[in-house]
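Trainee:
Numbering (full-length UniProt numbering), first residue to last: 1 to 159.
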């Protein structure tokens with residue numbers, strides 16, 4: 001009997017920091033568990049500023065520092081098709097969720113949630129390090145830690 005196929009899309013504003021961080025982490029967790037063929041994993045943005053761009057260099061540095069050196073992505077926009085292609089769509093903050101909800105077709109099958117709903121520390125919002133890095137030099141590491149906690153908890157919730 002074939003294993004059930006799952007799919008997840010991580011969404012943030014520009015698709016270069018938070019959503020790519022979460023995607024890289026989730027891909028790594030799935031790979032470690034030997035479940036790569038059972039999952040489709042992607043990320044997208046709600047804004048068009050970084051279409052075709054690689055993730056922010058600070059995102060890549062933090063992923064690499066945490067043993068995730070094989071992650072590759074190019075920024076893209078979320079599309080209406082994503083709502084029927086993906087089982088789960090995770091926004092990083094309430095603004096993302098507002099955009100996702102507004103765009104979601106009526107017949108969509110996707111479960112749209114804040115990634116932070118899975119945070120054991122109950123931090124619902126994944127802060128955008130692109131805008132907070134100037135005042136918080138540890139912002140990208142904090143985003144990694146929160147996304148990692150959430151991804152682990154989400155995966156555990158499916159057992």
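Even glycine gets a Cβ: it sits at the ideal position worked out from N, Cα and C.
#1: Nearest by alpha-carbon distance to residue 24: which of 56, 97, 122 is it?
#2: Going by beta-carbon coordinates alone, are residue 77 and residue 48 separated by less than 8 Å?
#3: Give the single residue among 104, 102, 97 whose Cα lies nearest to the Cα of residue 117.
#4: Verify whether the separation of the beta carbon atoms of residue 149 and residue 119 is less than 8 Å.
#5: Three Cβ pairs or more, each shorter than 8 Å: is that satisfied between the region 57 to 64 and the region 84 to 98?
#6: What do you get for residue 105, buried or exposed, if any count of 16 or more other CB atoms within 10 angstroms of its CB means buried?
#7: Which class does residue 38 belong to by DSSP, given the choice of helix, strand or coil?
#8: What residues match up with residue 44 in a beta bridge as DSSP calls it?
#9: Might you give, ordered along the chain, the residues of its own chain that have their beta carbon closer than 7 Å to the beta carbon of residue 160, omitting 5 neighbours on each side?
#10: Are the beta-carbon atoms belonging to residue 147 and residue 60 less than 8 Å from one another?
#11: Give, in chain order, every unbroken run of the alpha helix (DSSP H) that is at least 4 residues long and sits entirely within the UniProt domain "Phosphotyrosine protein phosphatase I" (6 to 157).
#12: Counting pairs of Cβ atoms below 8 Å between the region 121 to 134 and the region 11 to 19, do you hit three or more?
#13: Cβ of residue 161 within 8 Å of Cβ of residue 29?
#14: Give a yes or no on whether the C-beta atoms belonging to residue 7 and residue 39 are separated by under 8 Å.
#15: Going by other Cβ atoms of all chains shown within 10 Å of its Cβ, with 16 needed for buried, is residue 46 buried or exposed?
#16: Can you tell me whether residue 42 is buried or exposed, with buried defined as 16 or more other CB within 10 angstroms of its CB?
#17: Please check the pair residue 80 and residue 103, which I expect to be a contact at CB under 8 Å, by giving their CB distance rounded to whole angstroms.
Mentor: In short, the structure shows the following:
#1: Here residue 24 is taken as the residue at index 24 of the chain shown, counted from 1. Per the C-alpha coordinates, the member of 56, 97, 122 positioned closest to residue 24 is 56.
#2: Locating residue 77 in the chain shown gives position 77, where the first residue counts as 1. Locating residue 48 in the chain shown gives position 48, where the first residue counts as 1. With respect to residue 48, residue 77 sits close: the two C-beta atoms are nearer than 8 Å.
#3: As a position in the chain shown, residue 117 is number 117, starting the count at 1. Closest by C-alpha distance to residue 117, out of 104, 102, 97, is 97.
#4: Mapped onto the chain shown, residue 149 falls at position 149. Mapped onto the chain shown, residue 119 falls at position 119. At the C-beta level, residue 149 and residue 119 come within 8 Å of one another.
#5: The region 57 to 64 vs the region 84 to 98: no contact.
#6: Here residue 105 refers to the residue found at position 105 of the chain shown. Here residue 105 is exposed. Its C-beta has fewer than 16 other C-beta atoms within 10 Å.
#7: Walking along the chain shown from the start, residue 38 turns up at place 38. Note: residue 38 maps to helix in three-state DSSP.
#8: Working through the chain shown from its first residue, we reach residue 44 at position 44. According to DSSP, which records beta bridges pairwise, residue 44 is partnered with 11.
#9: Because the chain spans 1 through 159 in this model, residue 160 falls outside it and cannot be assessed.
#10: As a working note, residue 147 is residue 147 in the chain shown. As a working note, residue 60 is residue 60 in the chain shown. Residue 147 places its beta carbon 8 Å or farther from that of residue 60.
#11: Correct list: 18 to 32, 57 to 65, 82 to 85, 94 to 103, 129 to 132, 139 to 157.
#12: Touching, yes, given that three or more Cβ pairs across the two stretches are closer than 8 Å.
#13: Here the chain has residues from 1 to 159 only, and residue 161 is not among them.
#14: Stepping through the chain shown from its first residue, residue 7 is reached at position 7. Stepping through the chain shown from its first residue, residue 39 is reached at position 39. The answer is yes: Cβ separation under 8 Å.
#15: Position 46 of the chain shown, counted from the start, is the residue given in the question as residue 46. When all chains shown are included, residue 46 counts as buried.
#16: Sequence index remark: in the chain shown, residue 42 carries index 42 (1-based). Buried is the call here.
#17: Within the chain shown, numbered from 1, the residue matching residue 80 stands at position 80. Within the chain shown, numbered from 1, the residue matching residue 103 stands at position 103. Contact between residue 80 and residue 103 holds: their C-beta atoms lie close to 7 Å from each other, under 8 Å.
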